[in-house]
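Chains as they are written, first to last, in the working numbering: chain A, 19 to 436; chain B, 19 to 436. C-beta atoms are modelled at their ideal positions from N, C-alpha and C, and glycine is treated no differently.
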């Protein structure tokens, strides 16, 4: 692993000075190669799927690792999209001329070498390589064992695109070894790696945070809340909650808990349950909500909330329901149970909206919108490498700019400090 | 330590919502209290000095821990200065209305809880507490054993100023225990601490990086270079180098190595040596420089550079000298030996200046100026909590803004994701 780190460091220095045109050319060449080699990629992917079935992987995992022509076309379209985004490297900002005449500015530069540790989905291989190249960073990829054949094939194409554009192939390297011990070794290589991005479950994030001597971007774990205030437009609230819960229930910004103001609970909760139950949602309700639903026709779908239910990221068709006395109790509940990912209020009351924004300390705080918008693509970043729920460097969706750092550039006329 | 962390977390939530006026009032009250209690502070400080002398601390360490009336007046002036700076908390930026009508912005918010681990100088206690309060962060201070009496006295005043302004005293806590094991415990408390800032030698930084599950701001170690290009104004270069080496030789942005273009080496090096030698500087010269100095009158001050001399942060009146063939060799030397703190070129050639800026990847890159300007106060930040030589979150001098993070604020009209 050490030589791999050394090669990445050397490659990163060259990539950092590549022009925007050169980097765009690599991405377009990657897109062409994937396009031209679809059969070869699908055949490697079938090998992975076959081994996955033999190994007894779950349906959902097999689905995540499977490629097909439409999925590959999506990957190619995303690549061409990233290629078109403006290059953040070299941008100057915070420019100033100081009273003594020193000219000071900051210049955006690549971070250096990234390590990305991920599972299953092979599209991450292409996404991450494209974002790294675009931002002038070298990257070491450690994908899941279950996609090793597909990833090997994709990385071959990426490296050949780099070479074709006179850039070092080692700008994108791949840990071609299924052994998980390699992850631990990566996390120790702080001389060669500048940032670790785990993309996977809470266990992987915790492991990286606890075992890394390199800064780790933790995130992607969302226990997300919507609070239906007394003044909310209840019709609209039903739609927003339905969207937040159902549009894609298995992702981190899907809704986990709905908090309902007691003044509207009696009217709203039965309607909410009815509207979601018909889409297969089941509920974990606090005592008050449970009482309001006592004789509800969908009663079998409603369980009393257990002690850990409000601290669970459901990633499925389960929704927590809790009646709160007022905005204070809603904010208090969120401050205790939220993972700081995405939380929102549905209200027509502007002072309440402001208090919620001021007092809820999550990466994304919403007023009258679905939590599903926490996504680089949806929030105007053009692309996304991860969603950070930590507080340093970057918070919430991370796009191109968040894969850069800056240096201070100071120009004088032989200035000395007095 | 855990209850201390819990108290800090609770206090941080209250401090995060304090108004700019309230925070300013705390700082002004701190200044008044220090002013009123100078005798009490000096008496605690004398206790520390007495114990320090008994324990055989070095002259320079005793000097760093000593307070006197002018030093306390300096601390009070700095406090009033920080109080006057604009409050970064609550600032909105990157505002946009997306095509679907969602209104998106980022709002600057405090990081939460800081832990600062430092040695000797008691002014750090006041500086750091002021910067933390200003930015709405709670802070846990772990000062050096040798200043425990002085720090205890200062922290008492800070906490009483907080209470007086209706803010929780626990916003500033002090580990009143000389045992170094407490540092290890702090570094594990990631539930309660958001950022660790070590202020001390390379050993402390390394210990923190290797043992912390909390993000650590490493920095403050500078092996700094100036390259005298063929086209440099040699008279001016002498002055700049003299300033970078002599203005304060014991700090991280003082000059360590001078690289000299071979075309001017024969003329420049003897003059440089003459001019610095009379201020007590001694030299570690590479073979070529040594040859040029063979019959120099200050010969006894010049030693051949040993194998580690170009990788040493001198923090004293020693200067490395090396003759390079050209700009490429200078950049190459810096890329190998610099700690990425502060490096500069002295040149009248604009293309060379540009290449140096583009290719030298240090936190601060200089053209025609002394490296001694790498300092928050000198570069217009108004105050400084640390100088970061890592790449994430903040690089170079860190001021108030670098002690904050942001949250995304997203306002819709019951928007759903399609």
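Simplified DSSP assignment, three categories, for residue i
i	result
residue 300/B	strand
residue 323/A	coil
residue 342/A	strand
residue 19/A	coil
residue 74/B	coil
residue 415/A	strand
residue 250/B	coil
residue 30/A	helix
residue 141/A	helix
residue 270/A	coil
residue 118/A	coil
residue 62/B	helix
residue 397/B	coil
residue 24/B	helix
residue 314/B	coil
residue 230/A	coil
residue 42/B	helix
residue 37/A	coil
residue 440/B	Summary: the structure shown does not reach residue 440/B, with chain B confined to residues 19 through 436, and so no result is reported for it.
residue 333/B	coil
residue 265/A	coil
residue 380/B	coil
residue 356/B	coil
First through last residue of the beta strand (DSSP E) which encompasses residue i
i	result
residue 404/A	404 to 406
residue 18/A	There is simply no residue 18/A to check, as chain A begins at 19 and stops at 436 in what is shown.
residue 306/B	Looking at the DSSP string, residue 306/B is not in any beta strand (DSSP E); the run it does join, the alpha helix (DSSP H), is 305 to 310.
residue 423/A	422 to 433
For residue i, the residue or residues it bridges with in DSSP
i	result
residue 275/A	243/A and 338/A
residue 111/A	124/A
residue 237/B	406/B
residue 363/A	245/A and 385/A
residue 157/A	132/A and 190/A
residue 48/A	Answer is none; residue 48/A lacks a bridge partner.
Min CB distance residue i to chain A below 9 Å
i	result
residue 267/B	no
residue 195/B	no
residue 184/B	no
residue 210/B	no
residue 180/B	no
residue 276/B	no
residue 375/B	yes
residue 413/B	yes
residue 105/B	no
residue 233/B	yes
residue 423/B	yes
residue 35/B	yes
residue 383/B	yes
Cβ of residue i within 9 Å of any chain B Cβ
i	result
residue 157/A	no
residue 53/A	no
residue 237/A	no
residue 40/A	no
residue 248/A	no
residue 263/A	no
residue 438/A	Beyond the ends of chain A as shown, which are 19 and 436, falls residue 438/A; an answer cannot be given.
residue 356/A	no
residue 401/A	no
residue 379/A	yes
residue 404/A	no
residue 96/A	no
residue 431/A	yes
residue 213/A	yes
Start and end residues, alpha helix (DSSP H) containing residue i
i	result
residue 92/A	87 to 102
residue 290/A	280 to 295
residue 1/A	This structure cannot settle anything about residue 1/A, because the visible part of chain A is limited to 19 through 436.
What residue ranges within the region 170 to 226 of chain B form continuous beta strand (DSSP E) runs of no fewer than 3 residues, ordered along the chain? Complete beta strand (DSSP E) runs here, min 3: 190 to 192 and 213 to 217.
To be precise: take each residue of the region 126 to 153 of chain A, compare its Cβ to all Cβ atoms of chain D, and keep it if any distance is under 8 Å. Which residues remain? The chain labelled as chain D is not found among the protein chains of the depicted structure, namely A and B.
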